[in-house]
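Colleague: According to the numbering used here, the sequence shown holds residues 16 to 124 in order. The structure that follows is given in the form of structure tokens.
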Amino acid sequence: MRKIVLLSVMMLVAVILSTGCMSPGRSKTEKETITLKDTDLISIEASSADIEVISEDREDISVVLNTYERGPKLKVSGGKTVHIAAESQRGIHVGVTFSYSPRMTIYVP
Numbered sequence: 016m017r018k019i020v021l022l023s024v025m026m027l028v029a030v031i032l033s034t035g036c037m038s039p040g041r042s043k044t045e046k047e048t049i050t051l052k053d054t055d056l057i058s059i060e061a062s063s064a065d066i067e068v069i070s071e072d073r074e075d076i077s078v079v080l081n082t083y084e085r086g087p088k089l090k091v092s093g094g095k096t097v098h099i100a101a102e103s104q105r106g107i108h109v110g111v112t113f114s115y116s117p118r119m120t121i122y123v124p
């Protein structure tokens, strides 16, 4: 009986530690602004985020990514084609994970 209780406690501790290690971390916001000079095309690649595009009276593009510490990172590059991406971290995740959906808001002229 004592072995069963000890084994149960060890399994419970392992699950609790695994859940804490696999949590996405604290929320964070990444922002970038880029000019539209000589831009012909805007390319958006963010399969891991909900995307909202808002038209405003402005002369540049502003991108806001609401994510979390271990979530996707914002990448923006300019030129003839403006590339906007939310790139996910690569890696193997073992254990219990929670799914938080990052949100990308793009403000365009």
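Heads up, the beta-carbon is just placed ideally off N, CA and C, and yes, glycines get one too.
(1) Considering only the beta carbon of each residue, do Lys-95 and Leu-56 sit closer than 9 Å?
(2) So Arg-41 and Glu-84 are in contact, right, with Cβ under 8 Å, and what is the actual spacing, rounded?
(3) Which same chain residues end up closer than 6 Å to Lys-88 when comparing Cβ atoms and leaving out the 5 residues on each side of it in sequence?
(4) Do Leu-22 and Val-97 count as a contact pair if the criterion is CB distance below 9 Å?
(5) Suppose only complete runs of 3+ residues qualify. What are the beta strand (DSSP E) ranges in the stretch 44-113, listed by chain order?
(6) So, is Ala-29 buried or exposed, given that buried needs 16 or more other C-beta atoms within 10 angstroms?
(7) So, helix, strand or coil for Met-16, using DSSP?
Modeller: Let's see:
(1) It is a contact, given that the beta carbons lie within the stated cut-off.
(2) Sure, about 5 Å apart at Cβ, within 8 Å.
(3) Closer than 6 Å at Cβ, skipping near neighbours: Glu-102.
(4) The beta carbons of Val-97 and Leu-22 sit no closer together than 9 Å.
(5) The qualifying runs are 56-60, 65-70, 75-83, 88-92 and 96-102.
(6) Looking at its Cβ environment, which holds fewer than 16 other Cβ atoms inside 10 Å, Ala-29 is exposed.
(7) In the structure shown, Met-16 falls within a coil segment according to DSSP collapsed to helix, strand and coil.
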